[in-house]
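Asker: One structure is given below, represented as structure tokens, and several questions about it will come after.
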Amino acid sequence: MFKTLKNLFKRKEKNKEDFAFCGITLYVDNDGQTYVDIRMVDESEETIEHLASILCMFNPSSFFQVSSIVKNQLESEGKDELYLTIIEKTAGMITFDQEDIDQEYEEKPCVNPSDVL
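Note that our numbering has the sequence shown beginning at 17, numbered continuously upward.
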């Protein structure tokens, strides 16, 4: 049993083929600012498709927040075309359930009836 557990924590050498094409890391710094780090091996069509599939996993409000941060980062690097390519690819893959959108933006009264009494 312990031999199996020991093997789980042992660092394995990875081949170049084993590395991820892309990845997104979200974190909040001490100042409360949200940061998005994107790792892409290259700007090939395959890598962009993988990044688009990751972006599709976010719910609608998170998707728009993350994509706006990605837009700002890519625009600051002068890669506007790359951002458009990523969003076009994501738009082709993304499916938001109308039910999820309705639940998130459900109309709620500004004043609860119990507050009036």
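Just so you know, even glycine gets a beta-carbon here, dropped at the ideal spot from N, CA and C.
On the three-state DSSP scale, how would you describe M109?
Answerer: Looking at M109 - three-state DSSP - the assignment turns out to be helix.
Asker: Do T63 and V57 have their C-beta atoms within less than 7 Å of each other?
Answerer: Contact: yes.
Asker: Kindly list the residues whose CB is nearer than 7 Å to the CB of K87, restricted to its own chain and excluding five residues on each side of it in sequence; keep chain order.
Answerer: Correct list, in chain order: Y99.
Asker: Look at L67 and I102 and say whether their C-beta atoms are less than 7 Å apart.
Answerer: A contact, by the Cβ cut-off of 7 Å.
Asker: Beta-carbon separation of L71 and T106 under 7 Å?
Answerer: In contact: L71 and T106 (Cβ atoms closer than 7 Å).
Asker: Below 6 Å CB to CB, which residues in the same chain sit around Y43 once its five sequence neighbours on both sides are set aside?
Answerer: Excluding residues within five positions, the ones whose Cβ falls inside 6 Å are Y51.
Asker: Can you grab the Cα-Cα spacing for the pair F5 / E65, in whole Å?
Answerer: Lying outside 17 to 133, the shown extent of the chain, residue 5 is not represented and no answer is given.
Asker: At the level of alpha carbons, what is the spacing between G108 and S69?
Answerer: About 10 Å.
Asker: Using the DSSP secondary-structure output, state which residues sit across from C38 in a beta bridge.
Answerer: Answer by DSSP bridge pairing, in chain order: M56.
Asker: Under 8 Å Cβ to Cβ from V82, same chain only, skipping five residues before and after it: list those, please.
Answerer: I40, L42, V52, L71 and F74.
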